[in-house]
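Colleague: Chains as they are written, first to last, in full-length UniProt numbering: chain R, 1 to 181; chain S, 1 to 425.
We treat Cβ as the ideally placed atom computed from N, Cα and C, and that holds for glycine.
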Amino acid sequence: MACQKGKLKAQRELYDRYAYMMKGVCLRYARDASEAEDYLQEAFLRAFRAIHSFEPNGNLGGWLRTIAVNVGLEMYRKNKAIDLRLENYKHIQGDAIDLDTAFEKMALEDLVNKIQRLPLGYRTVFNLYAIEGYTHEEIAQQLEITSGTSKSQYSRARALLRQWIEEELENEKNRMNYAKG
Amino acid sequence: MQKDSNLKNRFAEFGAAPSEQVWSNLEAELVGKKKKRAALLWWTGTSFVVLTSVLVFLFVNTLTPEGDKMSKIEEVKEPLNSLEQKNNDQSVVEETGDVIHVRKDENAADEVVVDKSEASFKYWGSDLSMDESLLGNPSTFKRVEPAFYSIEASPIPGLGDSIEVRQKDENENETYLIADDNVTKDSTGITEIQNNEEELVAQKISRADSISPKEDLEENSELARASLLPEVVLSKWSFGIHVGEAYDYRPVESSVGYSNDALVNSPAVNNEYAVIDQTTRFNNRMNVHLSAAYAIKPWLNVSAGLGYGQFVKKTTGTEQSFNSSGLHGHVISQPLQVNFEFLSGQKLSAYGGLGYTNTYFISPTRTGYVGSAQIQMGLKYQLKPKLYLDLQPYFQYYKTGNEIEGLYGNGLIGAQIGIVFKPLK
């Protein structure tokens, strides 16, 4: 594999093939598109450095995706000390709308924007549990937290997303009423 | 749970096109890495070649700093007084290979061993007393005629084959020179040198049937040289081991927090960044450093070395909250210094100089080579005849334009203390 020999052209080909998917992963772990591109760059750098360890018959897309998730987790570990925002959302509860139905109806870009707005811990746990498919025990091990914390953060992440969606719906309703009125 | 798995499936196809800037940055990193690797090889290779060249040059110069002075011998034996006497003695200088033997005639060697105390080496512009330890085997210098002594030519082939044998008269002011370049030949093939009326005529013939014990001379001369050279060479060298600490800092402006994150109820909620704070990063570097220095002049020396250091990163300001202090990386340094001594007391001396240091940084975030110019001062105190205590504060300035600069700052202030060992004075 030319890429394993460090050929720039081959690296570019690999980048072109997987950057779209990788950025999608990074977007969910980052706070915004700019930060996501930083993650993406870091993920590809790591991939190119470690490409010699990749088995040619393996699932390259899955391998790259894992690297991108790991970059996201590393940023979580690096920044968790300032993740004081969690306290601000502890009061959020309720089940006014069916969130899963809302998720299904929402455009993914819109959902990603909301995921990005989540506090770091909520965001990471939500991504790992709801999208990557990890269990709370696995998440607890990765993030060095208890599984109870993982569950509560996931729950609060959902509550926050629900609140924002409800606020949007409410605003939309008001706007429509205003237009009619 | 079913709903979550739906979400997972929906996101399986989710993606976004990255901006061109991402690949540009990646390409710069990837190409830069190759360049850095090439630069590392280049610098290492160059440093090796330069250091080796300097060492070889200095070593060769140590052996033959000014032609063949190594081969010069000053004699203090009683001279012959007249030309007649000399002619009667039929003194013969015979050259075979790079050894010259002088004897009375062809049939009798009549070699006499020179009293060691009467000979002295002229080496590198300064007299070295030829005591027994330096002379080695006394048969190195053999008197084969009252006024002549067999001696060796230059120990380095091609760097001068002239031979000097000197004699002093009663007033110790008369010298006889026999040299390849100064000979004349008569019709019989005998070469003569006649400097003046009072001087000895030395005859030089080329004959295969030398009766002088050439092999012994060569062997013994080798022994003498072998015992002499290490001491002469070592007298120019000194070796040091130092430990030190260096310190650099860099104030940086860091953006921390995000308006949408509602961090600590920041008032700057309508802007992208909620908090901008000043952070200062400190790097403390602890070094250990081995060096070898060569004295070009008693007051001027060149030193090269190899150092290893670890640096500890500390931060203040907002960054402090998420950048823990601790061991941050390692450095390998190759300093090259030129120092001159401007004050010299009985025990204490002061020096100053300039240097250039190649430093290779290895840290979790970045790895690479950076060159730095250096200015240093120092105090050296003689603890024992061969041992000095050396204190050296210094300032290093990193070459600009290197990516390391952004992380580690432009300058470095440091000091090192160590022991310098000078095997011979």
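Can you name, in chain order, every residue of its own chain whose Cβ lies under 7 Å from the Cβ of Val69 of chain R, other than the five neighbours on each side?
Modeller: Here the question's residue 69 of chain R lines up with position 69 in the first sequence. Once the five neighbours on either side are set aside, the close Cβ partners of Val69 of chain R are Val25 and Glu132.
Colleague: With a floor of 3 residues, list each beta strand (DSSP E) that falls wholly inside the segment 23-53 of chain S, ordered by position along the chain.
Modeller: With a minimum length of 3 residues, no continuous beta strand (DSSP E) run stays inside the segment 23-53 of chain S.
Colleague: Please state whether the Cβ-Cβ distance between Ala102 of chain R and Ile165 of chain R is less than 8 Å.
Modeller: Counted from its first residue, the first sequence places residue 102 of chain R at position 102. Counted from its first residue, the first sequence places residue 165 of chain R at position 165. In this structure, Ile165 of chain R lies closer than 8 Å to Ala102 of chain R by Cβ.
Colleague: Could you give the first and the last residue of the continuous alpha helix (DSSP H) run that contains Ala61 of chain R?
Modeller: Position 61 of the first sequence, counted from the start, is the residue given in the question as residue 61 of chain R. Here residue 61 of chain R is Gly; the residue named in the question, Ala, does not match the sequence. Unbroken alpha helix (DSSP H) run through Gly61 of chain R: Leu60 to Asn79.
Colleague: To the nearest angstrom, how far is it from the Cα of residue 428 of chain S to the Cα of Tyr18 of chain R?
Modeller: Nothing about residue 428 of chain S can be reported from this structure: the residues present for chain S run from 1 to 425 only.
Colleague: Which chain S residues are close to Gly24 of chain R, counting only those with a beta carbon under 8 Å from its beta carbon?
Modeller: For this step, residue 24 of chain R is matched to residue 24 along the first sequence. Within 8 Å Cβ-Cβ: Phe11, Phe14, Gly15 and Ala16.
Colleague: Can you tell which of S:Arg10, S:Thr46 and S:Gln416 has its C-alpha closest to the C-alpha of Ala246 of chain S?
Modeller: Numbered from its first residue, the second sequence carries residue 246 of chain S at position 246. Closest option to Ala246 of chain S, Cα to Cα, is S:Gln416.
Colleague: Pairing CB atoms from the segment 56-66 of chain R with CB atoms from the segment 143-154 of chain R, are three or more of them under 8 Å?
Modeller: Contact fails: fewer than three Cβ-Cβ distances are below 8 Å.
Colleague: Ala12 of chain S: which of R:Asp16, R:Met22, R:Arg12 and R:Gly6 sits nearest, CA to CA?
Modeller: As a working mapping, residue 12 of chain S is identified with position 12 in the second sequence. The candidate whose alpha carbon is nearest that of Ala12 of chain S is R:Met22.
Colleague: Secondary structure at Glu245 of chain S, three-state DSSP: helix, strand or coil?
Modeller: Taking the second sequence and counting its residues from 1, one reaches residue 245 of chain S at position 245. Correct three-state label for Glu245 of chain S: strand.
Colleague: Measuring only the C-alpha atoms, how far is Ile332 of chain S from Gln142 of chain R?
Modeller: In the second sequence, the residue the question calls residue 332 of chain S occupies position 332. In the first sequence, the residue the question calls residue 142 of chain R occupies position 142. So the two alpha carbons sit approximately 34 Å from each other.
Colleague: Which same chain residues, not among the five before or five after Ile413 of chain S, have their C-beta less than 6 Å away from its C-beta?
Modeller: For the purposes of this step, residue 413 of chain S is identified with residue 413 of the second sequence, where counting begins at 1. Tyr247 and Phe395.
Colleague: Measuring straight from C-alpha to C-alpha, what distance separates residue 188 of chain R and Phe126 of chain R?
Modeller: The displayed coordinates of chain R run from 1 to 181. Any statement about residue 188 of chain R would go beyond what the structure contains.
Colleague: Measure the CB-CB distance between Trp237 of chain S and Ala304 of chain S and report whether it falls below 8 Å.
Modeller: Position 237 of the second sequence, counted from the first residue, corresponds to residue 237 of chain S. Position 304 of the second sequence, counted from the first residue, corresponds to residue 304 of chain S. No; because the gap between Cβ atoms is not below 8 Å, this pair is not in contact.
Colleague: Tell me the rounded alpha-carbon separation between Glu104 of chain R and Lys114 of chain R.
Modeller: Here residue 104 of chain R refers to the residue found at position 104 when the first sequence is read from its first residue. Here residue 114 of chain R refers to the residue found at position 114 when the first sequence is read from its first residue. Approximately 14 Å, taken between the alpha carbons.
Colleague: Please report the straight-line C-alpha distance between Arg156 of chain R and Arg117 of chain R, rounded to a whole angstrom.
Modeller: By 1-based counting over the first sequence, the position of residue 156 of chain R is 156. By 1-based counting over the first sequence, the position of residue 117 of chain R is 117. So the alpha carbons of these two residues sit roughly 13 Å apart.
Colleague: Strictly under 8 Å for the Cβ-Cβ distance: is Met75 of chain R near chain S by that measure?
Modeller: As a first step, residue 75 of chain R must be located in the first sequence, where it is residue number 75. Judged by the 8 Å Cβ criterion, Met75 of chain R is not in contact with chain S.
Colleague: Counting only beta-carbon atoms, is Ser19 of chain S nearer than 8 Å to chain R?
Modeller: Here residue 19 of chain S refers to the residue found at position 19 of the second sequence. Yes, because at least one Cβ of chain R sits closer than 8 Å to the Cβ of Ser19 of chain S.
Colleague: Using the DSSP secondary-structure output, state which residues sit across from Trp237 of chain S in a beta bridge.
Modeller: Reading the second sequence from its first residue, position 237 is the one you call residue 237 of chain S. According to DSSP, Trp237 of chain S bridges with S:Tyr294.
Colleague: On a Cα-Cα basis, can you pick out the residue from S:Val420, S:Gly411 and S:Tyr398 that is closest to Leu383 of chain S?
Modeller: Your numbering for residue 383 of chain S matches position 383 in the second sequence. If we check each option's Cα against that of Leu383 of chain S, S:Val420 comes out closest.
Colleague: Measuring only the C-alpha atoms, how far is Thr357 of chain S from Gln334 of chain S?
Modeller: Start at 1 with the first residue of the second sequence, and residue 357 of chain S comes out as number 357. Start at 1 with the first residue of the second sequence, and residue 334 of chain S comes out as number 334. Going by the C-alpha atoms only, they are around 5 Å apart.
Colleague: Kindly indicate the opening and closing residues of the beta strand (DSSP E) around Asn358 of chain S.
Modeller: Within the second sequence, residue 358 of chain S is the residue found at index 358, counting from 1. Segment Leu348 to Ile362, the beta strand (DSSP E) holding Asn358 of chain S.
Colleague: Can you list the residues of chain S that Leu40 of chain R reaches, using a CB-CB cut of under 7 Å?
Modeller: Position 40 of the first sequence, counting from 1, holds the residue named residue 40 of chain R. The answer, in chain order, is Pro18 and Val22.
Colleague: Among the candidates S:Ile375, S:Pro385 and S:Asp390, whose CA atom is the shortest distance from the CA of residue 426 of chain S?
Modeller: Nothing can be reported for residue 426 of chain S: it is not among the residues displayed for chain S, which extend from 1 to 425.
Colleague: Measure how close the beta-carbons of Tyr351 of chain S and Tyr360 of chain S come, nearest whole angstrom, since I'm counting them as under 8 Å.
Modeller: Here residue 351 of chain S is taken as the residue at index 351 of the second sequence, counted from 1. Here residue 360 of chain S is taken as the residue at index 360 of the second sequence, counted from 1. About 27 Å separates the two Cβ atoms, so there is no contact after all.
Colleague: Along the beta strand (DSSP E) that carries Ile417 of chain S, what are the first and last residues, could you check?
Modeller: Translated into positions along the second sequence, residue 417 of chain S becomes position 417. Ile417 of chain S -> beta strand (DSSP E) spans Gly411 to Phe421.
Colleague: Which bits of chain R does Asn25 of chain S rub up against, with CB to CB less than 7 Å?
Modeller: The residue you call residue 25 of chain S lines up with position 25 of the second sequence. Those are Gln41, listed as they occur along chain R.
Colleague: Entirely within the segment 97-170 of chain R and at least 4 residues each: give me those alpha helix (DSSP H) ranges in chain order.
Modeller: For the segment 97-170 of chain R, whole alpha helix (DSSP H) runs of length 4 or above, ordered along the chain, are 99-105, 108-117, 120-126 and 136-143.
Colleague: Name, please, each residue of chain R whose Cβ falls closer than 9 Å to the Cβ of Leu7 of chain S.
Modeller: Counting from 1 along the second sequence, the entry for residue 7 of chain S is found at position 7. Neighbours of Leu7 of chain S on chain R, chain order: Asp100, Phe103, Glu104, Leu111, Ala130 and Ile131.
Colleague: DSSP state of Phe48 of chain R, grouped into three classes?
Modeller: By one-based count along the first sequence, residue 48 of chain R stands at place 48. It is helical.
Colleague: Per DSSP, what kind of secondary structure is Ala30 of chain R in: helix, strand or coil?
Modeller: Residue 30 of chain R sits at position 30 when you count from the first residue of the first sequence. Three-state DSSP puts Ala30 of chain R in coil, outside helix and strand.
Colleague: Could you tell me which residues DSSP pairs with Tyr178 of chain R in its beta bridges?
Modeller: Along the first sequence, read from residue 1 onward, the residue named residue 178 of chain R stands at position 178. Its beta-bridge partners do not exist; DSSP assigns none.
Colleague: Mind checking residue 426 of chain S: buried by the 16 CB within 10 Å criterion, or exposed?
Modeller: Residue numbering for chain S in the displayed model covers 1 to 425; residue 426 of chain S lies beyond these limits and cannot be assessed.
Colleague: May I have the straight-line CA-CA distance separating Phe239 of chain S from Arg37 of chain S, to the nearest angstrom?
Modeller: Taking the second sequence and counting its residues from 1, one reaches residue 239 of chain S at position 239. Taking the second sequence and counting its residues from 1, one reaches residue 37 of chain S at position 37. Computed Cα separation, rounded: 31 Å.
Colleague: Quick check on Pro18 of chain S: does DSSP put it in helix, strand or coil?
Modeller: In the second sequence, the residue the question calls residue 18 of chain S occupies position 18. Coil.
Colleague: Using a C-beta to C-beta distance shorter than 7 Å, which residues of chain R count as neighbours of Leu30 of chain S?
Modeller: In the second sequence, counting from the first residue as 1, residue 30 of chain S sits at position 30. Per Cβ cutoff of 7 Å: Leu8, Gln11 and Phe48.
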